[in-house]
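> Going letter by letter, the sequence shown gives residues 4 to 131 in the working numbering.
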Amino acid sequence: MKKIRKAGSHYELQELASNIQNEVDRRKLSFDEALSLGNSIQSYADRLPGNTIVYAISNRDSYRGTLELYLKDGYLSKTEQLLLWEERRRLGITDVEHNKMLIQLVEILEKRGMKIVVSRFEEPVGVQ
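(1) Under the DSSP definition of a beta bridge, which residues are partnered with Y2?
(2) In the structure shown, what three-state DSSP assignment does N54 receive?
(3) Helix, strand or coil for A10, going by three-state DSSP, please let me know.
(4) Can the beta-carbon of G41 be found closer than 8 Å to that of S61?
(5) R115: buried (16+ other C-beta within 10 angstroms of its C-beta) or exposed?
(6) Taking only the alpha-carbon atoms, compute the straight-line gap between Y73 and S39 and give it to the nearest angstrom.
(7) Alpha carbon to alpha carbon, how far is I106 from K6? Give it in angstroms, no decimals.
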């Protein structure tokens, strides 16, 4: 945890995340411990300047993988967005975090030459 707080860049956080993954692979760290550390890394990465994605074992990384899968065909439908909204609620991902990830992934895919279309989505009314 101290190493996470001392990290001064997204690169250092990514290096820590990779080390955590290696510890899980060698069974020296449980998945739950890695998930907790990964969530801390993601939270700390948000406070650093820049728009770099840090891949770590975390709820957010799991969600980002799902979001990326839906974007692969170049079209994010209203139905897919409803499924993503339900997944966000389950994982505790805020709309702000979702929008940031969506923007990052769209930018990455567009740099690769893909055209991305995102349908307009409005959160279901009366759901808490």
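Glycine is no exception: its CB is placed at the ideal position from the N, C-alpha and C atoms.
Working from what's here:
(1) Outside the modelled stretch of the chain, which goes from 4 to 131, sits residue 2, for which no answer is possible.
(2) By 1-based counting over the sequence shown, the position of residue 54 is 51. Note: N54 maps to coil in three-state DSSP.
(3) What you label residue 10 is simply residue 7 of the sequence shown in a count that begins at 1. Reduced to three states, the DSSP call for A10 is coil.
(4) Position 38 of the sequence shown, counting from 1, holds the residue named residue 41. Position 58 of the sequence shown, counting from 1, holds the residue named residue 61. Closer than 8 Å, so yes.
(5) For the purposes of this step, residue 115 is taken as the residue at position 112 of the sequence shown. Around the beta carbon of R115, a 10 Å sphere encloses fewer than 16 other beta carbons of the protein chains shown; the residue is thus reported as exposed.
(6) Translated into the one-based positions of the sequence shown, residue 73 becomes position 70. Translated into the one-based positions of the sequence shown, residue 39 becomes position 36. Computed Cα separation, rounded: 26 Å.
(7) Along the sequence shown, read from residue 1 onward, the residue named residue 6 stands at position 3. Along the sequence shown, read from residue 1 onward, the residue named residue 106 stands at position 103. Those two C-alpha atoms are separated by around 29 Å.
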